[in-house]
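Colleague:
Number of protein chains: 2
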Amino acid sequence: MPVAKNTCDLSRCFLCRHSPPAWHALIGANRKNLLFKKGAAIFHEGDVANGMYFVYSGTVKVHRKWGSQKELILRFGKAGDMLGYRGLGDEKKYTVSATVIEPAVICYVDLAFFESLLQTNHQITYQLMQCYANELQNAEKKMSKLAHMNVKARIADTLLTLQNQFGKTKEGHINIQLSRLDIAAFTGTTYETLFRTMQEFIQEKLIKVSGKKIVVLKEKKLAALTWTQ
Amino acid sequence: MPVAKNTCDLSRCFLCRHSPPAWHALIGANRKNLLFKKGAAIFHEGDVANGMYFVYSGTVKVHRKWGSQKELILRFGKAGDMLGYRGLGDEKKYTVSATVIEPAVICYVDLAFFESLLQTNHQITYQLMQCYANELQNAEKKMSKLAHMNVKARIADTLLTLQNQFGKTKEGHINIQLSRLDIAAFTGTTYETLFRTMQEFIQEKLIKVSGKKIVVLKEKKLAALTWTQ
DNA sequence: ACAAAAATATGATTTATATCATGTTTTTTA
DNA sequence: TAAAAAACATGATATAAATCATATTTTTGT
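Protein sequence lines correspond, in order, to chains S and W. Quick note: my numbering has the first sequence finishing at residue 235, numbered continuously throughout. Quick note: my numbering has the second sequence finishing at residue 235, numbered continuously throughout.
Here you go:
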């Protein structure tokens, strides 16, 4: 893993946000800045977990494979987000994969250092707990959506979720560029179904698309669709 | 909510397990023991969160409604499990419902006391973090199962999961008695599909069922089914 | 103890969505 | 810059699983 030139400024990431400035030098001394290019794997499900990753810039997908073909994207990570650490009580293995979508600078600290931080800096433990609790809520929401919403509703929901999480550019399109396949994997459907449903939305003028740039035109109507059944 | 006669013995629940004995008196003074009967709601999604609940005995389901009919059971709680607390950063509302399946004694502490515990007893914060991290892993697993496994595979998986979590009685059946509807809701399918698939399993002698007592006969074969597609 | 409400049991029908198949275009990489 | 690999685009087809319908049995509340 190549070390990044433009290194983390010790202000943005989870660790630095939640620890007093006095700690930043220590964190700086114990973190590596890694530069990943598009498509690179940060870690794989099944790998032994050796550390924590913090996204400084770029975009990352967190996903799980099923069988040989199917994959579900659990969430996307952007600047400020945390990757990699989980309960670990039992098995110190990653249970998800993390792959780069847009070239990313990632801060890395090894588990030993991270756990020593947790031991001494209770604020970080507390924030980590809060962070997991929030992610857990999201996961639970996503679960019931997968179980009960039909594909059209889920796709409408996906578009709104992406716009919510990544915001809009000045030009008005959702500020993340994904392949249709990734959007499908995030929605939990196939490429073909996603493609056709997006065409429908375009026909109905709910969205406007050029290449990977998506503009939500009728937010209210898309939101209404998420209530279908 | 009626107060229970057979009160919590201050040893089993999350709070007591993870705090030194010196704290138990304080916890004892600040917790209420509540007795819930079958079908009773402990809390509802949308309710303002006022406290934490700990299962002392009995069985509880944690679930979310979708529309008027459909519901997904996210997990079951038994003695020692915790209910109710979430990130709360933004909204102090329960995002799930908890309903009693088998009559339950529940320990309750209000949020103010619980948060004061977290402030002073870092071990509890750390354990809570670990607990959420584990639940998050489970949630992520369940998500990909919902997205990618077919119903038959999911039902096989459900039966194995239940046996794993609740163990077997001396008579050999899974040590939890659920309605078919609840099993369906936990699997994320309809009652009818669940029923038919279980009949299939019975025909194929993978399981044996009498009333709500389920015996897994061919664990390996059921496990193999979970790999279908 | 009896009425009402859940839960169980099954057949018939529908439909939403995955799968298959194939061609074109764009992007990546050697 | 050519070749290979992704990504994009669509039509045709199959099918898994939901929905609808209805009857019986069991449980629960009063």
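Every residue, glycine too, gets a C-beta built ideally from N, C-alpha and C.
1. Going by DSSP, name the residue or residues bridged to residue 54 of chain W.
2. DSSP state of residue 34 of chain W, grouped into three classes?
3. When the Cβ atoms of the stretch 155-164 of chain S are set against those of the stretch 196-209 of chain S, are three or more pairs found closer than 8 Å?
4. Residues bridged to residue 116 of chain S by DSSP?
5. Should residue 23 of chain S go down as buried or exposed, given a rule of 16 or more other Cβ atoms within 10 Å for buried?
6. Nearest chain W C-beta to residue 204 of chain S closer than 7 Å, yes or no?
7. Say whether the stretch 35-47 of chain S touches the stretch 74-88 of chain S, bearing in mind that this needs 3 or more beta-carbon pairs closer than 8 Å, one atom from each stretch.
8. Might you give, ordered along the chain, the residues of its own chain that have their beta carbon closer than 6 Å to the beta carbon of residue 210 of chain S, omitting 5 neighbours on each side?
9. Contact criterion: CB-CB distance below 7 Å. Does residue 103 of chain S meet it with respect to chain W?
10. So which of S:131, S:63, S:207, S:129 has the shortest CA-CA distance to residue 108 of chain S?
11. Return the first residue and the last residue of the alpha helix (DSSP H) that residue 186 of chain W is part of.
12. Look at residue 100 of chain W and residue 163 of chain W and say whether their C-beta atoms are less than 7 Å apart.
13. Grab the span of the beta strand (DSSP E) containing residue 216 of chain W for me, first residue to last.
14. When you compare the stretch 172-185 of chain W with the stretch 213-222 of chain W, are there three or more beta-carbon pairs, one atom per stretch, that lie closer than 8 Å?
15. Can you name the residues that DSSP bridges to residue 63 of chain W?
16. Against residue 59 of chain W, what residues of chain S qualify as contacts under a CB-to-CB distance less than 9 Å, listed in chain order?
17. Under a Cβ-count criterion, where at least 16 other Cβ atoms within 10 Å of its own Cβ denotes burial, should residue 28 of chain W be classed as buried or exposed?
18. Smallest Cα separation from residue 111 of chain W: which of W:227, W:215, W:88, W:73?
19. Going along the chain, which residues of its own chain have a beta-carbon closer than 6 Å to the beta-carbon of residue 183 of chain W, five neighbours each way excluded?
20. Helix, strand or coil for residue 72 of chain S per DSSP?
21. Taking only runs that begin and end inside the stretch 124-158 of chain W, name each unbroken alpha helix (DSSP H) of 4 or more residues, in chain order.
22. Measuring CA to CA, which of W:120, W:123, W:153, W:124 is closest to residue 75 of chain S?
23. Have a look at S:131, S:206, S:173 and flag the residue whose alpha-carbon is nearest the alpha-carbon of residue 91 of chain S.
Modeller: Answer, in terms of the structure:
1. W:99
2. helix
3. yes
4. S:57
5. exposed
6. no
7. no
8. none
9. no
10. S:63
11. 186-193
12. no
13. 213-216
14. yes
15. W:111
16. Correct list: empty, because the minimum Cβ distance to chain S is about 15 Å.
17. exposed
18. W:88
19. 218
20. strand
21. 128-154
22. W:153
23. S:131
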